[in-house]
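Asks: The structure is given below, and queries will be raised subsequently.
There are 2 protein chains.
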Amino acid sequence: MKKSIGAKALVMPTPVFVIGSYGDDGTPNIMTAAWGGICASEPPAIAVSIRPGRCTHENIVASKAFTVNIPSVSLLKQADFAGMFSGYDTDKFVETGLTAESSTLVHAPLVVEFPLILECTLIHTIELGTHTQFIGQILDVKADESIMNDLGGLDTAKLAPLAFSPLDGGYYALGEYVGKAFSVGKPA
Amino acid sequence: MKKSIGAKALVMPTPVFVIGSYGDDGTPNIMTAAWGGICASEPPAIAVSIRPGRCTHENIVASKAFTVNIPSVSLLKQADFAGMFSGYDTDKFVETGLTAESSTLVHAPLVVEFPLILECTLIHTIELGTHTQFIGQILDVKADESIMNDLGGLDTAKLAPLAFSPLDGGYYALGEYVGKAFSVGKPA
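Dropping the structure here:
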């Protein structure tokens, strides 16, 4: 039996994207966003929605670039901090102890401690009520050796990513591997 | 030490959205998509990217509506099946044994067995290389009583959602609760 919950932004999982951007004066900033996801395979592109008025919003509009830094569970506190305070009055790199490094591809900072980072150039901007959807073309992905397997591939379990649940406002770790896509559902 | 992986659509987590739509003749169809996510809070909106040529793509362009059905781990095989075969030559409701029910709000089918369903009306269509991004305004969320707690709220653990990992092409269950958003990262 189903109940109507109303018009709400409720799905699972939503990601924990830590968005890196530079201010006009070159100050690096980070902000955590759960509204977003991959939106095309080729050219690879990712969408991130941010409210007008945020420092990151102003930065992306001006610089036309951003990074998407994926935290491991071990970076939970830093990721949550970056979602609570504004870059307008807080230097979030100083406060979290995280390290900013310039991308060589786009005008945006990488967060060195994060194991998986996407470097993006802005290709579309779509106004959607409370949020602006920024679509970035992914120019490169940087992965830490600590999340690679012996064959040089990326290891999901080693990445140990977080998910955010809009259902209860909680963060969750990733659970067990349950099957291979385009395979587990094949008719017997 | 980080390595360059190239321009690829690699993040975690990505969702397992089972998209419901009607064909011209009223045939219900489902298709599984991992490229998407919430894109605005008010009005609540969700983005789903689908390749031109898919039956679901044609259906959404014509009907201007879709549902997003969130599977529990117990629906893994059906969700994967819906991503492997085309609605042009397969009746995926018949083959999976799932049940289609008409939404009363939009011209799209709900998948009765799925515990969490969003009913969406198309508000934006953005062409992005390989994929078309469909943005739907969420008109209502239907939740099964089985995923509710005693207070009528939604229980993330009871939902038991799936995540897809583009890193290894695997499906993953959700893991343990690790902290409250806008709280766990507060300075001591």
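If you're matching them up, the sequences are chains A and B in order.
Residue numbering for the first sequence follows my numbering, beginning at 22 and increasing consecutively.
Residue numbering for the second sequence follows my numbering, beginning at 22 and increasing consecutively.
Even glycine gets a Cβ: it sits at the ideal position worked out from N, Cα and C.
Using the rule of at least 16 other Cβ atoms within 10 Å of the residue's Cβ for burial, across every protein chain shown, is M33(B) buried or exposed?
Replies: buried
Asks: Which residues in chain B have a C-beta closer than 8 Å to the C-beta of M52(A)? List them in chain order.
Replies: Within chain B, no residue comes near M52(A); the closest Cβ sits about 12 Å away, beyond 8 Å.
Asks: Apply the 10 Å Cβ neighbour rule to D58(A) and answer buried if 16 or more other Cβ atoms are within range, or exposed otherwise.
Replies: The residue asked about is misnamed: residue 58(A) is Gly in this sequence, not Asp. Classification for G58(A): buried.
Asks: Within this structure, are the beta carbons of F38(B) and V69(B) separated by less than 7 Å?
Replies: yes
Asks: Would you say E150(A) reaches chain B, if we count a Cβ-Cβ gap shorter than 7 Å as a contact?
Replies: The sequence shown places Gly at residue 150(A), not Glu. Judged by the 7 Å Cβ criterion, G150(A) is in contact with chain B.
Asks: So which residues of chain B does T35(A) contact, with C-beta pairs closer than 9 Å?
Replies: For T35(A), the C-beta contacts it makes with chain B under 9 Å involve P34, P36, G58, I59, in order along the chain.
Asks: So S186(A) contacts chain B; which residues on that side make the cut at Cβ distance below 9 Å?
Replies: L175, T177, L180, P182, L195, Y198, A202
Asks: Going straight from the alpha carbon of K29(A) to that of Y43(A), what length do you get?
Replies: 32 Å
Asks: Taking any Cβ of chain A, which residues in the segment 90–109 of chain B have a Cβ under 8 Å from it, in chain order?
Replies: From the segment 90–109 of chain B, only I91, V94, L97, K98, Q99, A100, D101, F102, A103, G104, M105 have a Cβ closer than 8 Å to chain A.
Asks: Taking the beta strand (DSSP E) that S42(B) belongs to, which residues open and close that run?
Replies: 38–43
Asks: Just the C-alpha distance for E122(A) and E134(A), rounded to the nearest angstrom, thanks.
Replies: 10 Å
Asks: Answer yes if the segment 72–90 of chain B comes into contact with the segment 126–146 of chain B, meaning at least three C-beta pairs across the two stretches below 8 Å, and no otherwise.
Replies: Counting Cβ pairs under 8 Å, three or more are found: they touch.
Asks: Looking at the secondary structure, which residues open and close the alpha helix (DSSP H) in which D101(B) lies?
Replies: 97–105
Asks: Does chain A have any CB closer than 7 Å to the CB of D161(B)?
Replies: yes
Asks: Given 8 Å as the limit, is there contact between the segment 123–132 of chain B and the segment 156–164 of chain B, that is, 3 or more CB pairs closer than that?
Replies: yes
Asks: If you scan the segment 97–184 of chain B from start to end, which runs of the beta strand (DSSP E) of 3 or more residues do you find wholly inside it?
Replies: 121–123, 130–132, 137–149, 152–165
Asks: Quick one: give me the first and last residue of the alpha helix (DSSP H) that S84(A) is part of.
Replies: 76–84
Asks: Give a yes or no on whether 7 Å exceeds the smallest Cβ distance from V39(A) to chain B.
Replies: no
Asks: Among T177(A), S62(A), P49(A), K98(A), whose alpha-carbon lies nearest the alpha-carbon of V77(A)?
Replies: Correcting the residue identity first, residue 77(A) is Thr in this sequence and not Val. Residue P49(A) is the option with its Cα nearest to T77(A).
Asks: Can you give the beta carbon distance from C60(A) to L31(B), rounded, assuming they're within the 8 Å contact cut?
Replies: Incorrect: roughly 14 Å between the Cβ atoms, too far for contact.
Asks: Straight-line CA distance for N170(B) to D176(B)?
Replies: Near 6 Å, if we compare the C-alpha coordinates of D176(B) and N170(B).
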